[in-house]
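J.: Have a look at the structure that comes next, please.
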Amino acid sequence: MTAIHIQGLGTYVPTKRITNVDLMSLVDTNDEWIVSRTGIKARHMLADDENGSDAGTEAALKALEDAGIAAEDITHVLTATCTPDYLCPSTACIISGKIGSHGAMAFDLNAACTGFVYGLDVANSILAGKPGAKVLLVGSEAFTRRLNWEDRTTCILFGDGAAAAVLTNGEAGTPKRCLPSAPRLRDVRCGADGRQYPLLTVGGGTNRNYKPGDPVQDDFYLQMQGREVFKQAVRSLSAVCSELLEDNGLTLEDIDLFIPHQANLRIIEAVGDRLKLGSEKIFVNLDEYGNTSAASIPLGIGDACAQGRIRPGSRVLLSAFGGGFTWGAALLEF
Ligand code: ACO
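In terms of this note's numbering, the sequence shown opens at residue 556 and continues consecutively.
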């Protein structure tokens, strides 16, 4: 019998903060448009000398401290990211080297904004097969490095950030810093529909559009057909949550807090309407961070804990949607 727990959590958000008003000097936009269409008021940006792996390392060190587990005892390092420092080596290897979990298996996982939920599913499988394992799962993104700062339809939406979790089979005491108790991962599920991949892309310079010596092209930056992504996000987020709850014999009445992927407040409200979930049970922090992709869900858990919205006994539903398309949901019992 496996009982996977999140034993510790840590978050890191870069200091540099860009407001909507700041963006007005770059593109033809304004605070009113951005807030009314997205709910976003600010986002954070890595310093010039900082990489996504540095953000992930900071979050990882805090998660280890919260868990009371030493880096050398970690057996697996997974980084959910679609903005890695390099295509090779993986950001997970870089983080592993920096924190000192030498010898641990380390690899990146790319499911765009659903990356952290995918990571929970992968960690769940690892721990089911290897009960003594200790998995460090990091969601870390450097999206501001992959935005076209002349495209007002996308550059307003994203921010940088990282958050990490330590997962173990069984509980190892009360977390020391961030989590009020070590939640059990009661269930997790993920899916994808690759037929719709062109609706949201971030090119890598390794596809057939690129010949040696070519300059960077537009597809190096995030490109998105926002309206289509919006509709699909609402459908997928609602469906995967309903399915997960039904399979666990639960209803939304049984949920204390819903932490959805933080992409757009209107998407979150539409999902709340579909699920008939009151806004008091929905956690939102995208006003401060924008869309931090794979870091969004664990940053939400960290902030919800800091605000006292998660307590021992809380049942928390997580759900994400991203490029691919990918989607996923997970149920945590604190
Ligand atoms: N400021 C001012 N005006 C703008 C801006 C801006 N920043 N951006 C667009 N506009 C204009 C458009 O040019 C357009 O003008 P027009 O009517 O004269 O042509 C008008 O505003 C409406 O534009 P739309 O794109 O239709 O606006 P919409 O209401 O669809 O909102 C948005 C756009 C915010 C991108 C929305 O579609 C969205 O949030 N989509 C989903 C994003 C998402 O969920 N992503 C998750 C996955 S991300 C990942 O996986 C990495």
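By construction, the Cβ of each residue, glycine as well, lies at the ideal position given by its N, Cα and C atoms.
Nothing here was measured: the structure is a model prediction, and the numbers come from that model.
1. Answer yes or no: do A717 and A861 have a C-beta to C-beta separation smaller than 7 angstroms?
2. Measuring only the C-alpha atoms, how far is L682 from H560?
3. Taking I823 and I837 to be in contact with their CB atoms under 8 angstroms, please state how far apart those CB atoms are, rounded to whole angstroms.
4. Following the continuous beta strand (DSSP E) through W882, name the residue where it begins and the one where it ends.
5. Between which two residues does the alpha helix (DSSP H) holding R821 run?
6. Leaving out the 5 sequence neighbours to the left and right, which residues in its chain are closer than 6 angstroms to S791 when beta-carbon positions are compared?
7. Is it buried or exposed for G749, if we count other Cβ within 10 angstroms and need 16 for buried?
8. Once you ignore the five residues that flank E888 on each side, which residues in its own chain have a CB closer than 7 angstroms to its CB?
9. One question on the structure: do I624 and V693 come within less than 7 angstroms of each other, judged by their Cβ atoms?
10. Below 8 angstroms on the Cβ atoms is my contact criterion, and I expect G670 with A849 to pass it. Report the Cβ-Cβ distance as a whole number of Å.
11. At a cut-off of 6 angstroms, is T584 close to the ligand ACO when judged by its beta-carbon and the heavy atoms of the ligand?
12. Between the C-alpha atoms of N803 and G652, what's the straight-line distance to the nearest angstrom?
13. Which class does P686 belong to by DSSP, given the choice of helix, strand or coil?
14. Quick check: is any heavy atom of the ligand ZN less than 6 angstroms from the C-beta of F662?
15. Counting C-beta neighbours from all protein chains within 10 Å, is the total for S591 16 or more, i.e. buried, or is it exposed?
16. Cutting at 8 angstroms between CB atoms, please list the residues of its own chain near V839, excluding the five before and the five after it.
17. Compare the C-alpha of P753 against each of T630, D774 and G868 and name the closest.
18. How far does the alpha helix (DSSP H) with F876 in it reach, from first residue to last?
19. May I ask whether a heavy atom of the ligand ACO can be found less than 6 angstroms away from the beta carbon of I865?
20. Give me the residue from R572, Q562, N585 and D640 with the minimum Cα distance to A618.
21. Name the DSSP bridge partner or partners of V582?
22. With a 10 Å radius around its C-beta and 16 neighbouring C-beta atoms as the bar for buried, classify C796 as buried or exposed.
23. Determine the direct distance from the alpha carbon of H631 to that of D604, and round the result to whole angstroms.
24. Just curious, the alpha helix (DSSP H) that L800 is in, first and last residue?
25. May I ask whether a heavy atom of the ligand ACO can be found less than 6 angstroms away from the beta carbon of I711?
26. Which residues in the same chain as G916 place their Cβ atom closer than 7 angstroms to its Cβ, once the five residues preceding and following it in sequence are excluded?
27. Can you list, in chain order, the stretches of the beta strand (DSSP E) that have 3 or more residues and sit fully within the stretch 680-730?
28. Can you tell me which of E587, S608, D583 and W588 puts its alpha carbon nearest to the alpha carbon of Y567?
29. Would you kindly work out how many angstroms separate the C-alpha atoms of N764 and Q778, rounded to a whole number?
30. Starting from G857, trace the alpha helix (DSSP H) in both directions and tell me its first and last residue.
31. Relative to the alpha-carbon of H599, which residue among D858, D715 and E783 has its alpha-carbon at the smallest distance?
32. Which whole-angstrom value is the C-beta distance of T723 and K689, which I expect to be below 8 angstroms?
33. What ranges does the alpha helix (DSSP H) occupy inside the stretch 607-643, keeping only unbroken runs of at least 4 residues that lie completely in it?
T.: So, to answer that:
1. Working through the sequence shown from its first residue, we reach residue 717 at position 162. Working through the sequence shown from its first residue, we reach residue 861 at position 306. Taking 7 angstroms as the Cβ cut-off, A717 and A861 do not qualify as a contacting pair.
2. Taking the sequence shown and counting its residues from 1, the one referred to as residue 682 is at position 127. Taking the sequence shown and counting its residues from 1, the one referred to as residue 560 is at position 5. The straight-line gap from Cα to Cα measures roughly 10 angstroms.
3. The sequence position of residue 823 within the sequence shown is 268, counting from 1. The sequence position of residue 837 within the sequence shown is 282, counting from 1. Sure, about 6 angstroms apart at Cβ, within 8 angstroms.
4. Sequence index remark: in the sequence shown, residue 882 carries index 327 (1-based). T881 to E888 is the extent of the beta strand (DSSP E) around W882.
5. Counting from 1 along the sequence shown, the entry for residue 821 is found at position 266. It spans L820 to L830 - the alpha helix (DSSP H) in which R821 sits, taken as one unbroken run.
6. Along the sequence shown, read from residue 1 onward, the residue named residue 791 stands at position 236. Contacts found: F876 and W882.
7. The count along the sequence shown starts at 1 and reaches residue 749 at position 194. It counts as exposed.
8. Position 333 of the sequence shown, counted from the first residue, corresponds to residue 888. Once the five neighbours on either side are set aside, the close Cβ partners of E888 are P738, R739, R741 and R870.
9. Counted from its first residue, the sequence shown places residue 624 at position 69. Counted from its first residue, the sequence shown places residue 693 at position 138. For I624 and V693, no; Cβs fall outside 7 angstroms.
10. Taking the sequence shown and counting its residues from 1, one reaches residue 670 at position 115. Taking the sequence shown and counting its residues from 1, one reaches residue 849 at position 294. That belief holds up - the Cβ atoms of G670 and A849 are roughly 3 angstroms apart, short of 8 angstroms.
11. Against the sequence shown, residue 584 aligns to sequence position 29. Because some heavy atom of the ligand ACO lies under 6 angstroms away, the Cβ of T584 counts as near it: yes.
12. Locating residue 803 in the sequence shown gives position 248, counting from the first residue. Locating residue 652 in the sequence shown gives position 97, counting from the first residue. Looking at the two C-alpha atoms, the distance is approximately 39 angstroms.
13. The residue you call residue 686 lines up with position 131 of the sequence shown. It is coil, neither helix nor strand.
14. The ligand ZN is absent from the structure shown, which contains only the ligand ACO.
15. Along the sequence shown, one-based indexing puts residue 591 at 36. Exposed, by the Cβ-count rule.
16. Residue 839 sits at position 284 when you count from the first residue of the sequence shown. Answer for V839: G594, Q817, L820 and I823, listed in chain order.
17. Residue numbering aside, residue 753 sits at position 198 when the sequence shown is read from its first letter. Out of T630, D774 and G868, D774 has the C-alpha closest to the C-alpha of P753.
18. Residue 876 sits at position 321 when you count from the first residue of the sequence shown. Careful: F876 lies outside any alpha helix (DSSP H), inside the beta strand (DSSP E) at R870 to G877.
19. Position 310 of the sequence shown holds residue 865. Every heavy atom of the ligand ACO is 6 angstroms or more from the Cβ of I865, so no.
20. In the sequence shown, the residue the question calls residue 618 occupies position 63. Comparing Cα-Cα distances from A618 to each of R572, Q562, N585 and D640, the minimum goes to Q562.
21. Along the sequence shown, read from residue 1 onward, the residue named residue 582 stands at position 27. BP columns for V582 are empty, so no partner.
22. Here residue 796 corresponds to residue number 241 of the sequence shown, with the count starting at 1. Result: buried.
23. Position 49 of the sequence shown, counted from the first residue, corresponds to residue 604. Position 76 of the sequence shown, counted from the first residue, corresponds to residue 631. So the two alpha carbons sit approximately 27 angstroms from each other.
24. Taking the first residue of the sequence shown as 1, we reach residue 800 at position 245. Counting along the chain, the alpha helix (DSSP H) containing L800 begins and ends at G781 to D802.
25. On the sequence shown, residue 711 is found 156 positions in, with the first residue counted as 1. Flag set: Cβ of I711 near the ligand ACO.
26. Within the shown structure, residues of the chain are numbered from 556 to 889, placing residue 916 beyond reach of any answer.
27. 689-696 and 716-724
28. Indexing the sequence shown from 1 puts residue 567 at position 12. Among E587, S608, D583 and W588, the Cα nearest to that of Y567 belongs to S608.
29. As a position in the sequence shown, residue 764 is number 209, starting the count at 1. As a position in the sequence shown, residue 778 is number 223, starting the count at 1. Approximately 15 angstroms between the Cα atoms of the pair.
30. As a working mapping, residue 857 is identified with position 302 in the sequence shown. Note, G857: alpha helix (DSSP H), S851 to A861.
31. For the purposes of this step, residue 599 is taken as residue 44 along the sequence shown, with counting starting at 1. Among D858, D715 and E783, the Cα nearest to that of H599 belongs to D715.
32. Position 168 of the sequence shown, counting from 1, holds the residue named residue 723. Position 134 of the sequence shown, counting from 1, holds the residue named residue 689. Right, the Cβ-Cβ distance comes to about 5 angstroms (below 8 angstroms), so this counts as a contact.
33. 607-622
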